[in-house]
Amino acid sequence: MRQDLDRLMQERGLAGMIVLALDRYSPAMYYVAGQRIHYGVYFRTPDGRAYLVHDPMERDQAEAVGCDHAAFEQHGMSRIQDEEIAPARVLGRLIGEVSATFGLRGPVAWFGETPIGFAHALLKRARDVNPALLVEDGHPDILALARMTKSDAEVEVIRQAARGAVAAIERLRGFLENLRRDGDTFRANGGGPVRIGDLRRLLNKVFLEHGLEGGESIVSQGRDAGVPHNRGNDLEPLRAGAPLLVDIFPGEAGGGYYSDLTRTFCLGRAPEPLKKLYADVHDAFRTGMQSLQVGLPCRASQEAVCDLFESRGHATVRSRQGTEEGYVHGLGHGVGLAVHEPPRLGGPPSNTQALEPRMVVTVEPGLYYPSRGLGARIEDLVLVRSDGTLENLTPAPYDLEIEPRA
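For the working numbering, add 4 to where a residue sits in the sequence shown, where the first one is 1.
Right, dumping it as structure tokens:
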């Protein structure tokens, strides 16, 4: 949690942290400052002192951060620009000067999103000005460690995003149930064949109704459903008897906290191979959920799911490294200010991270056989409560078959 940052800095022996937002939304800045500061530099020491240098147009947001702050020009930005010219050197010099005044000396955790070349030039100039600045490169970094567990306020925002995801999947199911079959395709309201893009637009509409943005939702069919991150072909008509994989991960509009939810459908009667595949995935999902236990390694649930899939004749990443058919990924991941963040429910034996209270993770087993036109995944978002029990944040039916109107 955010309140752990000072403790984590102390445990790492850090002099502090510096967070950049360079004219764009920055998850790291949002996390440490609690505000969407788009252009600024945040400094913090392990004893809780904080200072923000910001664009004057964002002075109201800066005031809401609750720490000492000043606009760039109060630190002579125009003069520095005239003297340094290159933007990376300008910002690096300013950071060097402010960090020295602020008392940052020693290893510092740096965060922000910027091109590598820009970052290199910025760091070099900052250290020219304040040679006592060092770059901490520990793994995992302190933001990743802090973000693995969520505060009550964070959980509530994630829960709201999850409600929007559930509403979208339920609206989609209702739409599919009311289609009219026309041979192997489907129509709505007397129009032409319904296509993958129509479903994506429907989902995005529901996201907007809930104050969310959908990003690149996965709506894939048939062979495409057999490649886990294939986004799907918007021009492809819906087909009877094919797997329809819908993976949605809406988050706060303008940047913020995400949710994650996947369901697999089949319009009309599912062919026997798809029914069997889906039954194996559903059993694996239940196994994964039942095996989540506070104190156990996060990857223990992945091991249980691999046991089940392998016993049923499917290759897994454990039994056949690099496999592209069968169970080809880990069981889940953390969700927060990014759709994918620590902890990982899987990975190599070196992943010793234990499941802890207040983590928010996905459980998402899947089986993929693109060569056979098959793919299925089930995914729910789960909160590990403070008492160690689980709360499913995305409750929605798991029925595979949807029988539209004749």
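Backbone N, C-alpha and C define an ideal beta-carbon position, used for all residues, glycine too. Predicted model only: the values in this text are computed from it and were never measured.
Host beta strand (DSSP E) of residue i (start-end)
i, result
"Ser-224", "222-225"
"His-73", "72-75"
"Thr-189", "189-191"
"Glu-395", "394-396"
"Gly-20", "20-26"
"Arg-184", "184-186"
"Leu-138", "137-139"
Alpha-carbon to alpha-carbon, residue j and residue i
i, j, result
"Val-36", "Arg-151", "10 Å"
"Gly-336", "Thr-366", "5 Å"
"Leu-387", "Met-13", "26 Å"
"Gly-272", "Leu-239", "21 Å"
"Asp-141", "Asn-134", "19 Å"
"Tyr-402", "Leu-138", "51 Å"
"Glu-217", "Ala-136", "42 Å"
"Ala-171", "Val-210", "7 Å"
"Glu-101", "Met-363", "38 Å"
"Gln-306", "Pro-361", "19 Å"
"Gly-259", "Met-33", "11 Å"
"Ser-224", "His-42", "34 Å"
"Phe-313", "Ser-354", "22 Å"
"Ser-295", "Ala-54", "41 Å"
"Ala-66", "Thr-398", "34 Å"
"Glu-87", "Val-57", "20 Å"
"Arg-409", "Asp-186", "10 Å"
"Val-159", "Asn-396", "12 Å"
"Gly-52", "Asp-10", "6 Å"
"Asp-311", "Asp-284", "12 Å"
In DSSP terms, what residue i is bridged to
i, result
"Ile-406", "Leu-271"
"Thr-366", "Leu-385"
"Asp-251", "Ile-222 and Thr-266"
"Gly-215", "Looking at the DSSP assignment, Gly-215 forms no beta bridge with any residue, so it has no partner."
"Gly-338", "Glu-345 and Val-365"
"His-58", "Gly-44 and Ala-75"
"Phe-115", "Val-23"
"Thr-320", "Tyr-331"
"Arg-199", "Pro-241"
"Leu-95", "DSSP lists no partner for Leu-95."
"Leu-207", "Partner(s): none; Leu-207 has no beta bridge."
Close beta carbons around residue i, own chain, < 7 Å, minus the five adjacent residues each side
i, result
"Met-81", "Leu-98"
"Ile-84", "Val-94, Arg-97 and Leu-98"
"Asp-156", "none"
"Gly-392", "Val-298 and Pro-361"
6 Å Cβ shell around residue i - same chain, five flanking residues per side excluded
i, result
"Ala-92", "Phe-122, Ala-125 and Leu-126"
"Cys-302", "Pro-347, Leu-349, Gln-357 and Leu-359"
"Asp-188", "Arg-243 and Ala-244"
heavy atom of the ligand SAH below 7 Å from residue i C-beta
i, result
"Arg-83", "Of ligands this structure carries none, so the ligand SAH is not represented either."
Proximal residues to residue i (C-beta, below 8 Å), its chain only, five neighbours per side dropped
i, result
"Thr-327", "Ala-319, Thr-320 and Val-321"
"Phe-179", "Ala-192, Leu-203 and Leu-206"
"Pro-197", "Asp-186, Thr-189, Phe-190, Arg-191, Pro-241 and Leu-242"
Extent of the continuous alpha helix (DSSP H) to which residue i belongs
i, result
"Val-298", "No alpha helix (DSSP H) holds Val-298; DSSP gives it neither H nor E."
Does the stretch 17-28 come close enough to the stretch 100-116 to have 3 or more Cβ pairs within less than 8 Å?
-> yes
Touching by the beta-carbon criterion (3+ pairs, under 8 Å), the stretch 263-281 and the stretch 246-253 = Yes, the stretch 263-281 is in contact with the stretch 246-253.
Are the stretch 378-386 and the stretch 276-283 touching by the rule of at least three beta carbon pairs closer than 8 Å?
-> yes
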